[in-house]
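Data first, discussion second: the structure below is written as C-alpha cells.
Number of protein chains: 4
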Amino acid sequence: MIVIIKSHTDRAGIDEVIAEVKRLGYQPRPIIGELQSVVAAIGDETTHNSLESLNALPQVERVLRVQKRWKLVSKEARSSPTVIDVDGVKIGGGAPVVLMAGPCSVESEEQLLETAHAVRAAGATILRGGAFKPRTSPYEFQGLGKDGLRLLALAKKATGLKIVTELLSEHDADLVAETADILQIGARNAQNFRLLVAAAKTGKPILLKRGLSQRVEEWLLGAEYILSEGNSNVMLCERGIRTFETYTRNTLDLAAVAIAKSETHLPVIVDPSQGCGRADLVPALCAGAVAVGADGLLIEVHPRPAEALSDGQQQIDFARFAQLAESLQPLLRTVGRSA
Amino acid sequence: MIVIIKSHTDRAGIDEVIAEVKRLGYQPRPIIGELQSVVAAIGDETTHNSLESLNALPQVERVLRVQKRWKLVSKEARSSPTVIDVDGVKIGGGAPVVLMAGPCSVESEEQLLETAHAVRAAGATILRGGAFKPRTSPYEFQGLGKDGLRLLALAKKATGLKIVTELLSEHDADLVAETADILQIGARNAQNFRLLVAAAKTGKPILLKRGLSQRVEEWLLGAEYILSEGNSNVMLCERGIRTFETYTRNTLDLAAVAIAKSETHLPVIVDPSQGCGRADLVPALCAGAVAVGADGLLIEVHPRPAEALSDGQQQIDFARFAQLAESLQPLLRTVGRSA
Amino acid sequence: MIVIIKSHTDRAGIDEVIAEVKRLGYQPRPIIGELQSVVAAIGDETTHNSLESLNALPQVERVLRVQKRWKLVSKEARSSPTVIDVDGVKIGGGAPVVLMAGPCSVESEEQLLETAHAVRAAGATILRGGAFKPRTSPYEFQGLGKDGLRLLALAKKATGLKIVTELLSEHDADLVAETADILQIGARNAQNFRLLVAAAKTGKPILLKRGLSQRVEEWLLGAEYILSEGNSNVMLCERGIRTFETYTRNTLDLAAVAIAKSETHLPVIVDPSQGCGRADLVPALCAGAVAVGADGLLIEVHPRPAEALSDGQQQIDFARFAQLAESLQPLLRTVGRSA
Amino acid sequence: MIVIIKSHTDRAGIDEVIAEVKRLGYQPRPIIGELQSVVAAIGDETTHNSLESLNALPQVERVLRVQKRWKLVSKEARSSPTVIDVDGVKIGGGAPVVLMAGPCSVESEEQLLETAHAVRAAGATILRGGAFKPRTSPYEFQGLGKDGLRLLALAKKATGLKIVTELLSEHDADLVAETADILQIGARNAQNFRLLVAAAKTGKPILLKRGLSQRVEEWLLGAEYILSEGNSNVMLCERGIRTFETYTRNTLDLAAVAIAKSETHLPVIVDPSQGCGRADLVPALCAGAVAVGADGLLIEVHPRPAEALSDGQQQIDFARFAQLAESLQPLLRTVGRSA
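Chains as they are written, first to last, in my numbering: chain A, 19 to 357; chain B, 19 to 357; chain C, 19 to 357; chain D, 19 to 357.
This is the structure we're talking about:
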C-alpha cells in the first residue's frame, strides 16, 4: 500500500505513520518528496491488515492499494481457462457458446414444457426459469416455489435440457440443488455473502450475476467467496448495471465481459434480457456479447410475452428466439465458437 | 396504468390492446389522439396484474404506472407518524433526535465497553456495533460473530444503552434478536427479501438501510415487505448511494430523507459515516441531516480509528464525538428536537 | 401528455386541471379512476407548450409525456438511412464500416505524418487528431491550436485521408471547417447548444459525441438542434458514459448504438478508446461495436503511446492498430460491412 | 506520482519504467516489494508532464497521482475565505447567507418586476432570471435573449436588487456582463472551457454551477480555469448531480458543499430548485444547505408556477418564498449567518 502524507507535515508526523505501518506488519519505505511525501508499505495486502484505517490519522491524505484484491479467480492462480462440465454441457475455454433460455418465471407445466421443447429445438442446451422470484414489491408474483422446481425437473426429464434456476434463500440451498444443474445467484443477492457461501457448499456450478451497482472488483471478490469455499465452478454473469439512462432498464457493460475474461480464468455469461429490459434490443446485444468473447448467453423466452407474470417486456417468443439462434450462427462460426 | 400505443397503429391494433387490458382485469378507456393514442386502464394496480408485460406487444410503445406502489408505509395507511419505542427510547414523531453511536465492528470487550461509556456520556442512547460483518472480500475481518453479540449484551448491561446490530443471515434471526433491540438490515441486503421477512418475523424494530443503488421507490417497497409481515416498527436509514463521485465513498442523498418523511409515516435515520466514508465530513452532514428532518443519527465511533479492524477512515474518536454531540445542541433546539 | 391527479382530489380540483390543460392548447380527456384520476391531454406535444409546469399545482402528482421528443432525426422523418459522403468516403447505410484513426492530440509534424501513413496502410480512411483540446485542468496540454490544423491539412495532402477534428469554440467554427472534413463535437460540449448551432451552420458533416451523462433522448435532441439548422449530415458517436465503475474510465453503452440505429436514420460511430480508457480493451470493444451495428470506429493511435501528451493509456501503437484492423476483417465480412 | 509495476516483471522492465520517469522530468524512487514493485516519481505533478501515459507500457499496471490537481482555489493559495463584494452585497466568509431568487426564465416585464418586488420584500438581495436559456430540445422556449437582459436591467433599477443571469455563448460575454452583476455558468457548460475563459475575462463575479456528472475535483478545476485568468471572484454552485434516482430530477450532493468549503477559499452557493426539481422539497433542502455551511441559496420563484414557460414544477410562488425566507431565520441565527 501507499500512504500519502499531507503536504507540510513535519518529520514527527511522518515518523508516526512509519511506526503505524510497521505495527500493522508491513515494512515501511518512506519517500520524502519535494512537495509531498509518501510511505510505501511492503507486504502482502491480502494477508495483512488493510492500511486504510490510517486515513483516520490527521496527517494522512489518502491510502492507495497496490495489489489486486482477488486471488483464486485470477489467471495467476490458474493459467488455463476453467471449463465447467454441466453434466456433459461444457462452458468456457474454447467450448461452443452455450445458449441458456427459458421464461423469466416458471408459471405452469404447459408454459414451461412448451418453452423447453421450443428452445431445445432452436439450439439451447440449458433451460432457465425462476421458481423463487425476488420481486421489488411484496404484491408482485413471487414464483411457484417448490412447485416450480418440480416443473423444472419435469422439463429436464422431458427434454434433456440442463436446468439453471435462482437460489434466493440459504434455507433452500439443498432443496434447489436437488433440481438445479446450475444455481443462479441474482443481482440483488450479489453481495449476500452468506448465500454465496451456502450455494458454494452445495458443490453445484454457480452462475453469479453482477450486482446492480457492483464494480468489477467487487464482482470478482464475490466469486472469490465461492472459490474460497472450495467450489471453483463459477460462471460470472454480466446483466447490466444501473445508470442514469432510462430508455433501457439497465446498461449492459460489455467491457466488463472483456475484463472478466482477461483477469480471471472463469467463464463469462451475458444476460441481454435483463441487461436492457427490452425484447427489441436482445438480438443486437447477443451479437455484441459474442463478439467481445462471452462464453454463453442467458435469454428470456416465453410462449406469449404479453401474458407473462413477470418481465414480459424483455422476453421474446419462440419464433424470435429461433430466428435469433439462427442469425447468430455465422458470427459464432467467425469467432470459432459454434456448436 | 396508461398504455401508450405506437403512432400509425391501426384500429385493430388498438383493439387488441383494449382486449388485453380487459383480460388482465382492468377497465380500458381508449383515448384516440391526433398523433398517438393511449389506453388508460382503470383498476387497482397494486392488486391486479401489472400491465408492463404489454410492452411485449409490437404496437405498444410504453406502459406507465399511475399509482404509487407502496401502501402500508404511506401516510394514507396511517396519518400520524409512527413513534417506535425501543425499550423506553422513543424514535420518530416529535421525539428528540436519537443518537446511535459505536464502532463499525465489535473488536474486543475493552474496545466496546470503553466506547459504550464514552458515547453514553456524550448523549447517545443507542449503541451500534457489528458482530456479523458483510465484507467485500473474503479475506477481510468478518466480525466476532456470536462473541460479538455476547459483548454487546455486556455493554448493554453495563451502560443501559439499547443495541442496534446487523443481521446478515436468515439463520441468525432469532440469535441476533436475543441481544439486539433493533435489527439492522445492511445496504447490501436491502433487497434480500427473505432476510427482510425473517427479520420482520422476530417482531423486533428494524433499521432498514437503503441499498447502494436503490431508488426511493424500491427502498419504500423494501419496508413494505416488513410491514406486510405485520411488523410496523421500521426505521428507514439513508446511508448514501453509489454515484460517479470518488472523493466520497457514497453520495448522501438528503433529499431522500425529506421524501421519506413526506411520503411515509416511518422514522428516518441518517448514517453520515457510511454516507460519505470520511470522518472529516461527518459533523457537517449530521447538521444537514437534522436540518432536513432526520429522526436519528447513526455515527461510527472508535477509541482509536487508525487501529480499527474495519472502516477506520470514517470513524471518529471519543473527543470528536463529544464535540459533535455538543455542537449539534443549538441546532436541535432550533428545530425543537433536543433531548 | 397525461396528468396524474393525486388521489382524494375533489371534482373542483380536477376541473382546475382540465381548465389549465385547455388553456395551454390541448384537448382534455379526464378519466376518473377507482383510486386515482388522470387527465389525458390531446395535442402535439412538440408544438404546444409542455404541461410539465402543471406539476406546480398541488393536486397534480405527475405529468407524463406520451410522444417522443425528437422529430427530424427519427425514421418517421426519413425512412431510408442517411449516408454521409465525406468527399468520397461513405458513412452509414450499408457502406463498409469506416475506420477513423489517429492520435488523441496532434503533437508534431513527425508524429502526425508518421501516424497518418501508418493508419492509412492499415485501412483507415479518416484521420483523427485534436488541434484544440478540452482538458480538465488548465495546467494540461491544450493542443497546438492553429498549428495543429495546419499539420492536419499537411497530413491530408500527404495521404489523402479525410480529417475529423474537434471544434471547441463558436469563434473557431469557420477556421476549423477550412481544414476539417468532419467537425467533432466533444462529450463535454454535447449540450453546448450554441456550439452545435455554429457547427451546423458551417455545412460540414458533424460527429456528435454523446455527453458523459447524457440520456439517449438528450443525445438525439442534440442532433435535432443540428438538423433543425438545415444540416442533416450528422453522425452520432457513442463514447462511453460516466458510471460508478472505476476499472474503466467510462462505460461503453453498446445498447445505445442499437437504439440510435433503430430510432434514427443517422449513422452511428463508436469510440472504444474513450469508451473504456484502456488500450487493452480496445480490440474487444471494436468487435462488439461492429456486431451491434456501428457504422464506424474512432480509434486513438499514437507512434509511442507512453510518450503521448494526452491520454497515452488509451492509445494503441501502429503494430496493434494494424493487427486490430486485420483481425476485424472476418467479422466485417460476416456482417456484410467490409471494404 | 506512483507507478505500479505488474507482478513478475523482471528487472529490465522495471529499469525501463525508471528511465521513462527520469525522461519525463521526475526523480524515480523504485521500491521493490515482495509481490509487486512500484516506482515513486518525485517532482511537481502540476508543472511536469503527467505520467499517466506510462499506463501504455505493458509492464505498468496503474499510475496513481499523489498531489491534488487544484492550486489557486485551494486554501494553501489563500488561507482566508474569499468574500465577494457584489456592489455592496457580500458573499462568503462570515457574511449573512445571501438569497438569490427569481424566475427560471424572464418571460415578461410584468412577470419579472412583480417577482423582483416580491423576493426583495421577503429578503432576497439578488435577482435571478434567465434571458438566454439552454434547453434540451430545440423546440422548447429558448429565452427572451437581449430583451430579457433589458428587463433584468429594468428590474434592477426598480428594486436595487443585483442581477445574476446565465451566459450561454462566448459571443455574448460582454453583452451579458453589461447587465449582470454576476455571470452564471450553467451545468451543461461547466466544462465548456472557452466559455469559462470568456466569462473570466469580463472581470465580473462568476457563479459556476457543477456539471451534471462532474466530480468535485473537476468542478474545482473548472474554477481553476477562471482563477488562472486572473479573476478570483468565483462562487461554486452545487445544483445536484445526475444519478439513477428518478423521484428527483437530480441528487443534491450536500457533502460536496462541505468539501468545497474545506478544500477551497471560495464561497459556495446551493441551488435546491434544480437540485431536486420539485417545489415541495425546496424548503427542506434550503435548511440542509444552510446547516452544512452554504454561503448562499439560489431559488426559483415565479408568480404562477403552473404557467411558467420553463421548469414550473420546481418553482415556488411568492407566498411560499416569503414563508421559506421567514422559516429559515431561526436556523440562520443559530449558525450565525442571518442578515
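Note that CB positions come from ideal geometry on N, CA and C, so glycine has one too.
Quantities reported herein were computed from a predicted structural model and do not represent experimental measurements.
Residues sharing a beta bridge with residue i, DSSP
{"i": "GLY120/A", "result": "GLU318/A"}
{"i": "GLY148/A", "result": "SER123/A"}
{"i": "ALA184/A", "result": "It should be noted that the sequence gives Glu, not Ala, for residue 184/A. Answer is GLN202/A, bridged to GLU184/A."}
{"i": "ASP103/C", "result": "LYS108/C"}
{"i": "GLU256/A", "result": "VAL288/A"}
{"i": "THR269/C", "result": "ILE259/C"}
{"i": "LEU226/A", "result": "ILE203/A and LEU254/A"}
{"i": "ILE22/C", "result": "VAL56/C and ARG80/C"}
{"i": "ILE334/A", "result": "VAL319/A"}
Three-state secondary structure (DSSP) of residue i
{"i": "VAL39/C", "result": "helix"}
{"i": "VAL275/C", "result": "helix"}
{"i": "ARG80/C", "result": "strand"}
{"i": "PRO114/C", "result": "coil"}
{"i": "SER71/B", "result": "helix"}
{"i": "ALA58/C", "result": "strand"}
{"i": "SER280/D", "result": "helix"}
{"i": "GLN45/D", "result": "strand"}
{"i": "SER356/D", "result": "coil"}
{"i": "SER92/D", "result": "strand"}
Residue from the options whose Cα sits closest to the Cα of residue i
{"i": "LEU245/B", "options": "GLY148/A, TYR157/A, ILE224/A and ALA139/A", "result": "TYR157/A"}
{"i": "PRO114/A", "options": "LEU162/A, VAL319/A, LEU179/A and ASP313/A", "result": "ASP313/A"}
{"i": "ARG276/B", "options": "PHE262/B, VAL310/B, ALA134/B and ARG267/B", "result": "For the record, residue 276/B in the displayed sequence is Ala; it is not Arg. For ALA276/B, the nearest C-alpha among the options comes from VAL310/B."}
{"i": "ALA195/C", "options": "ARG206/C, LYS164/C, LYS175/C and GLN209/C", "result": "LYS164/C"}
{"i": "GLN202/B", "options": "PRO99/B, LEU186/B and LEU225/B", "result": "LEU225/B"}
{"i": "VAL286/D", "options": "ALA324/D, GLU263/D, LEU238/D and GLN333/D", "result": "LEU238/D"}
{"i": "ALA171/A", "options": "VAL300/A, ALA216/A and VAL124/A", "result": "VAL124/A"}
{"i": "SER92/B", "options": "SER291/B, LEU193/B, SER71/B and VAL252/B", "result": "VAL252/B"}
Whole-angstrom distance between residue j and residue i, CA atom to CA atom
{"i": "ALA297/C", "j": "ALA273/B", "result": "40 Å"}
{"i": "ASP271/A", "j": "ARG257/C", "result": "13 Å"}
{"i": "LEU145/B", "j": "LEU350/D", "result": "32 Å"}
{"i": "SER55/A", "j": "TYR44/A", "result": "18 Å"}
{"i": "LEU230/B", "j": "ALA205/B", "result": "6 Å"}
{"i": "VAL78/D", "j": "VAL57/D", "result": "10 Å"}
{"i": "ARG80/C", "j": "ASN73/C", "result": "6 Å"}
{"i": "ASP329/B", "j": "ARG83/B", "result": "41 Å"}
{"i": "LEU303/C", "j": "THR177/C", "result": "27 Å"}
{"i": "LYS108/D", "j": "LEU53/D", "result": "56 Å"}
{"i": "GLN85/B", "j": "ALA140/A", "result": "40 Å"}
{"i": "ILE102/B", "j": "ALA208/B", "result": "21 Å"}
{"i": "ARG260/D", "j": "PHE262/A", "result": "7 Å"}
{"i": "PRO321/B", "j": "GLU38/D", "result": "45 Å"}
{"i": "SER98/A", "j": "ALA149/C", "result": "45 Å"}
Give me the subset of the segment 49–63 of chain B whose CB atoms are less than 7 Å from a CB atom of chain C, sorted by chain position.
So the list reads ILE49, GLY51, GLU52, LEU53, GLN54, VAL56, ALA58, ILE60, GLY61 and ASP62, given in the order they occur along the chain.
Positions along the segment 76–101 of chain D whose CB lies within less than 7 Å of some CB in chain A:
Residues passing the 7 Å Cβ filter: LEU82, VAL84 and GLN85.
Just by C-beta distance, which residues in the segment 243–271 of chain A are closer than 7 Å to chain B?
From the segment 243–271 of chain A, only TYR243, SER246 and ARG260 have a Cβ closer than 7 Å to chain B.
Contact residues within the segment 35–50 of chain B, judged by C-beta distance below 7 Å to chain C:
Taking 7 Å as the Cβ-Cβ cut-off against chain C, the residues of the segment 35–50 of chain B that qualify are ARG47 and ILE49.
Could you please tell me which residues of the segment 108–138 of chain A, in chain order, have their CB closer than 9 Å to any CB of chain B?
Taking 9 Å as the cut-off between beta carbons, none of the residues of the segment 108–138 of chain A comes near chain B.
Short of 9 Å Cβ to Cβ, which residues in the segment 326–350 of chain B face chain A?
ALA326, LEU327, SER328, ASP329, GLY330, GLN331, GLN332, GLN333, ILE334 and ASP335: these are the residues of the segment 326–350 of chain B whose beta carbon lies less than 9 Å from some beta carbon of chain A, given in chain order.
Compile a chain-ordered list of the residues in the segment 281–295 of chain D whose CB is closer than 8 Å to at least one CB of chain C.
Identification of residues in the segment 281–295 of chain D having a C-beta nearer than 8 Å to some C-beta of chain C yields an empty set.
Listed from N- to C-terminal order along the chain, which residues in the segment 230–242 of chain C have their beta-carbon within a distance smaller than 7 Å of any beta-carbon of chain D?
Correct list: LEU230, SER231, GLU236, LEU239 and GLU242.
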